[in-house]
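Numbering (this note's numbering), first residue to last: 4 to 258.
No residue lacks a Cβ here, since even glycine has one placed at the ideal position from N, Cα and C.
Quantities reported herein were computed from a predicted structural model and do not represent experimental measurements.
In what follows, a single structure is set out as structure tokens and then discussed.
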Ligand SMILES: NC(=O)c1ccc[n+]([C@@H]2O[C@H](COP(=O)([O-])OP(=O)(O)OC[C@H]3O[C@@H](n4cnc5c(N)ncnc54)[C@H](OP(=O)(O)O)[C@@H]3O)[C@@H](O)[C@H]2O)c1
């Protein structure tokens, strides 16, 4: 798999997949890591996902980079979330402020934790285009080195300001919802229609579409199916799509 600034370009999301089911988490996370993924994204907002992820990592913790989040309105609650994360993971490689919640309040203590080595890098996320003005303001402080936004043929708002700004500031880009939360998969084009793309499946085409934008560092598709986790990794190797192939994916996704 190709590697960019955050390592192998296909990671794993954990929203609404295994919840608190540690056994299922073990199967899915194991499949992704064995296939070559490294970054696993979670959040205190995802029910029991963080705890299940910790159990799933077990003795293979050193093979993963944990990207999780602080989702708290007060500093006290944020520190509590981080304390639990340290118990689960020992260290957090990518700590993100979830949906910009109280970001100015949380940033100072998170920087101290990063400077003490308990956090690798700080990031910030938002899922809604209506918040991208505030997200840009957060990035312009130059206190974040990662940003997480949605990018798929139906959600391209980040292309306007966030991706150019991230490129200008040297901020790594994590793509959430690369499969449109599954909505883009409801109708799959035929293998004949996919032939000009050189891919074996529609999910692979969608993941490659996002990764063919060189400003993107990683996509984090979520799945509860180990076979899907393995298949998604296939999208992480070149060749990447040219402009014409990207356009074809957009046309197929619009039907
Ligand atoms: N504000 C935030 O910070 C924020 C917001 C949203 C998401 N995120 C992060 O981004 C991650 C990804 O986004 P998402 O989970 O919303 O949506 P997504 O990854 O775009 O789509 C997930 C859906 O795709 C299906 N899928 C995955 N691989 C497949 C394959 N190879 N073949 C067929 N179906 C496949 C999954 O179903 P199966 O289980 O059947 O495979 C699931 O229904 C989240 O899990 C989360 O970690 C962050």
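Classify residue i as buried or exposed, calling it buried when 16 or more other Cβ atoms lie within 10 Å of its own Cβ.
| i | result |
| --- | --- |
| residue 118 | exposed |
| residue 109 | buried |
| residue 153 | buried |
| residue 40 | buried |
| residue 248 | buried |
| residue 53 | buried |
| residue 220 | buried |
Ligand 1 heavy atoms versus the CB of residue i: any closer than 6 Å?
| i | result |
| --- | --- |
| residue 100 | no |
| residue 165 | no |
| residue 130 | yes |
| residue 95 | no |
| residue 184 | yes |
Measure the Cβ-Cβ separation of residue i and residue j and say whether it is below 7 Å.
| i | j | result |
| --- | --- | --- |
| residue 178 | residue 228 | no |
| residue 58 | residue 25 | yes |
| residue 106 | residue 141 | yes |
| residue 211 | residue 238 | yes |
Relative to the C-alpha of residue i, which candidate in the options has its C-alpha closest?
| i | options | result |
| --- | --- | --- |
| residue 50 | 71, 204, 212, 116 | 71 |
| residue 215 | 204, 250, 190 | 250 |
| residue 114 | 47, 175, 147, 158 | 147 |
| residue 199 | 244, 236, 13, 176 | 244 |
| residue 160 | 69, 131, 171 | 131 |
| residue 235 | 202, 218, 247 | 202 |
| residue 91 | 79, 103, 102, 68 | 68 |
| residue 127 | 133, 120, 121, 137 | 137 |
| residue 218 | 129, 165, 124 | 165 |
Taking the beta strand (DSSP E) that residue i belongs to, which residues open and close that run?
| i | result |
| --- | --- |
| residue 153 | 149 to 153 |
| residue 122 | 122 to 128 |
From what residue to what residue does the alpha helix (DSSP H) around residue i run?
| i | result |
| --- | --- |
| residue 175 | From DSSP, residue 175 is part of no alpha helix (DSSP H) but of the beta strand (DSSP E) over 175 to 179. |
| residue 232 | 229 to 236 |
| residue 30 | 25 to 38 |
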